[in-house]
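The listed protein sequences derive, respectively, from chains U and E.
According to full-length UniProt numbering, the first sequence is numbered sequentially starting from 1.
According to full-length UniProt numbering, the second sequence is numbered sequentially starting from 1.
Heads up, the beta-carbon is just placed ideally off N, CA and C, and yes, glycines get one too.
Down below is the structure, laid out as structure tokens.
2 protein chains.
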Amino acid sequence: MAAKRSGARSKRGINERLQPVQEPRSEPPLSRERIVATAVELLDAQGVDGLTMRRLADRLGSGVMSLYWHVDNKEDVFDLALDSVLEYRGPPQMVESRDWRGEVVHMLEDWRASMLRHPWSASLLPRRALGPNILSRLELLSNTLSRAGVADADMNVAIWSLWNYVMGATITRASFDLSDDDRAAAQQRLTRLSDRYPTIERSRLLLDNDWGGTFRKGLGFLLDGLSPG
Amino acid sequence: MAAKRSGARSKRGINERLQPVQEPRSEPPLSRERIVATAVELLDAQGVDGLTMRRLADRLGSGVMSLYWHVDNKEDVFDLALDSVLEYRGPPQMVESRDWRGEVVHMLEDWRASMLRHPWSASLLPRRALGPNILSRLELLSNTLSRAGVADADMNVAIWSLWNYVMGATITRASFDLSDDDRAAAQQRLTRLSDRYPTIERSRLLLDNDWGGTFRKGLGFLLDGLSPG
DNA sequence: GATTGACTCGTACGGCGTACCATACGAGTC
DNA sequence: GACTCGTATGGTACGCCGTACGAGTCAATC
């Protein structure tokens, strides 16, 4: 049952006369854009499992089945929400910089940041198709690498390597985002088994939570390997 | 009523099921192991969404609620199935080889292969905890890199970089495993938009389906970047 | 025989995605 | 005004889901 009747919905009006003052009351009409925006809100607030068509409709003040006029099904909602979150606006100063490495790093860090701002996107991406915003990023990447002198023969490998790295890092980060307590507990569990896993115990692998720094440093290593010089 | 770890069910009669033609009918008793094995079967056959507790029970010839004696809940089943699929037996000849690079490549390729043999595992891993088999692999990796001369300060970055790479590659591969037709259609769609994405169109990024080769080559680049020499 | 603990499972509940269908409304046509 | 028709909304219902609850079975032990 639709939660609230604010009264705005009832005919009530004494006169139907058109009113020049825009009537702002009742919800704006449904639209694909509004549905997607609300879905992102809901996903941000409640995570992947928190998005249900019923809740989405509630938040929109509409009936559940009305959604299906604008979207095909729930999968569709996921696809749209995901792509909507991955738009890229380019580096701050679009100077024709010769700093290809900086450009690549900026775009990939932004990519990661965009996904981490909406952690559900990381776990969603693996099952989704390539939307326009993702393709744009790949295009930009390809372009920059080309200008950087990566050989055509290595281009696809380079792109996929960077893609893999970003995806792996982001998905990992998003899913292992434990509280400090959890992390400490995990490392402690590890310590208890330290005869089994002495090396990773020693390096405190699970305690290290400088995700950003680790990401940047590892990306540097990968670019070292990829760049010709 | 949490299910207890009951180790000792072997108390059972020394022999009771001895030779006579095995009674074809009645199922063997439920057990954690049997549940996990059947869950893997079901996941292989029907994918993540295909696994339901009802179907699992059906396949086991038991009632649904009986499962809950042996596992906590459905999440638990996922965790167990995932870890069960990631066991690693080490390189073929456990020679004390000086070929650290070969060892790393072997383990990571095996990792990828194990997950691709059960494609659901790729989309599952991101949300799961680190099971013993995963930790073993990390331990081995850490060990090998250490012997290879990777500095302690870089160790965690190196491990996570390789982890990221493998995860990204595997998840991507598992989810983009389109048919040839699909792939051609995707590339065609891209061609239609070739003014928008000229560079990736030209490199035929989506048509390249030598996933294994790309994986190996990119891994090589990453190791180049990681290795001191 | 009674008790106990390990194990099995039927029933039921609340929630899900969505198919189907009735409805409402504005615009075009006669 | 009466009519269709495309667009949009949403109530009801169906079948499936995970799992809480509690009753039932059976062997081992007293």
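Nearest to residue i by alpha carbon, out of the options?
| i | options | result |
| --- | --- | --- |
| U/Asp154 | U/Gly225, U/Asp195 and U/Met115 | U/Gly225 |
| E/Gly218 | E/Leu193, E/Thr170, E/Tyr197 and E/Leu207 | E/Thr170 |
| E/Tyr197 | U/Pro132, U/Gly168, U/Arg32 and U/Asn209 | U/Pro132 |
| residue 242 of chain E | E/Leu82, E/Phe176, E/Ala45 and E/Ala158 | Outside the displayed span of chain E (1 to 229) sits residue 242 of chain E, for which this structure offers no information. |
| E/Gly61 | E/Ile35, E/Asn156, E/Leu82 and E/Gly90 | E/Ile35 |
| E/Leu130 | U/Asp110, U/Pro126, U/Asp76 and U/Gln187 | U/Gln187 |
| E/Arg59 | E/Leu145, E/Asp76 and E/Pro28 | E/Pro28 |
| E/Leu82 | E/Leu162, E/Phe221, E/Glu41 and E/Ser146 | E/Glu41 |
| E/Tyr68 | E/Thr38, E/Leu223, E/Asp44 and E/Arg32 | E/Arg32 |
| U/Arg202 | E/Ala45, E/Asn156, E/Ala184 and E/Leu108 | E/Asn156 |
| E/Gly90 | E/Ala148, E/Thr144 and E/Ala57 | E/Thr144 |
| E/Val77 | E/Val105, E/Gly220, E/Ala151 and E/Leu124 | E/Leu124 |
| U/Leu80 | U/Leu56, U/Ala37 and U/Asp110 | U/Ala37 |
| E/Ser161 | U/Asp44, U/Leu43, U/Ala45 and U/Gly212 | U/Gly212 |
Does residue i get closer than 9 Å to chain U when you measure Cβ to Cβ?
| i | result |
| --- | --- |
| E/Ser136 | yes |
| E/Glu109 | no |
| E/Val36 | no |
| E/Met167 | yes |
| E/Leu226 | yes |
| E/Ala122 | yes |
| E/Pro126 | yes |
| E/Gln22 | A caution first: E/Gln22 carries a pLDDT of 36, below 50, which makes its placement in the model unreliable, though a value can still be read off. No, no contact with chain U. |
| E/Ala151 | no |
| E/Ala148 | no |
| E/Phe221 | yes |
| E/Thr199 | yes |
| E/Thr191 | no |
| E/Leu130 | yes |
| E/Arg196 | yes |
With a threshold of 9 Å between beta carbons, is residue i in contact with chain E?
| i | result |
| --- | --- |
| U/Ser114 | no |
| U/Trp100 | no |
| U/Leu86 | no |
| U/Ser175 | yes |
| U/Lys11 | Reliability fails at U/Lys11, whose pLDDT of 29 lies under 50, so the model's placement of it is uncertain and no value is given. |
| U/Asn73 | no |
| U/Asp76 | no |
| U/Ala185 | no |
| U/Asn133 | no |
| U/Arg89 | no |
In chain U, what lies closer than 7 Å to residue i by C-beta?
| i | result |
| --- | --- |
| E/Thr214 | Asn156, Val157 and Trp160 |
| E/Lys217 | Val157 |
| E/Thr52 | Within chain U, no residue comes near E/Thr52; the closest Cβ sits about 16 Å away, beyond 7 Å. |
| E/Leu43 | Ordered by position in chain U, no residue passes the 7 Å Cβ test against E/Leu43, which lies about 15 Å from the chain. |
Are there 16 or more other CB atoms within 10 angstroms of the CB of residue i, so buried, or fewer, so exposed?
| i | result |
| --- | --- |
| U/Leu193 | exposed |
| E/Thr191 | exposed |
| E/Met167 | buried |
| U/Glu87 | exposed |
| U/Met115 | buried |
| E/Glu103 | buried |
| U/Ala174 | buried |
| U/Val48 | exposed |
| E/Ala39 | buried |
| E/Arg112 | buried |
| E/Met107 | buried |
| U/Tyr52 | Tyr is not the amino acid found at residue 52 of chain U; the sequence shown has Thr there. U/Thr52 is exposed by the Cβ-count criterion. |
Check residue i in the structure and name its three-state DSSP category.
| i | result |
| --- | --- |
| E/Leu30 | coil |
| E/Thr52 | coil |
| U/Asp206 | Asp is not the amino acid found at residue 206 of chain U; the sequence shown has Leu there. Coil. |
| U/Arg196 | coil |
| U/Tyr88 | coil |
| U/Phe221 | helix |
| residue 233 of chain U | Nothing can be reported for residue 233 of chain U: it is not among the residues displayed for chain U, which extend from 1 to 229. |
| E/Leu108 | helix |
| E/Asn156 | helix |
| E/Pro119 | coil |
| E/Ser114 | helix |
| E/Leu61 | Just to set this straight, residue 61 of chain E is Gly in the shown sequence, not Leu. Here E/Gly61 sits in coil by DSSP. |
| U/Arg17 | Any reading at U/Arg17 needs caution, since the residue's pLDDT is 31, under 50, leaving its predicted position unreliable; the model's value is listed next. Reduced to three states, the DSSP call for U/Arg17 is coil. |
| U/Gly72 | The amino acid at residue 72 of chain U is misidentified as Gly; the sequence shows Asp. The answer is coil: DSSP assigns U/Asp72 none of H, G, I, E or B. |
| U/Val77 | helix |
| E/Asp99 | coil |
List the residues of chain U that residue i touches, going by C-beta distances under 9 Å, in chain order.
| i | result |
| --- | --- |
| E/Leu205 | Leu138, Ser142, Met155, Asn156, Ile159 and Trp160 |
Who are the neighbours of residue i on chain E, taking C-beta pairs under 8 Å?
| i | result |
| --- | --- |
| U/Trp69 | Those within 8 Å of U/Trp69 in chain E number zero; the least Cβ separation is about 25 Å. |
| U/Asn209 | Residues of chain E passing the Cβ test: none, with the nearest at roughly 11 Å. |
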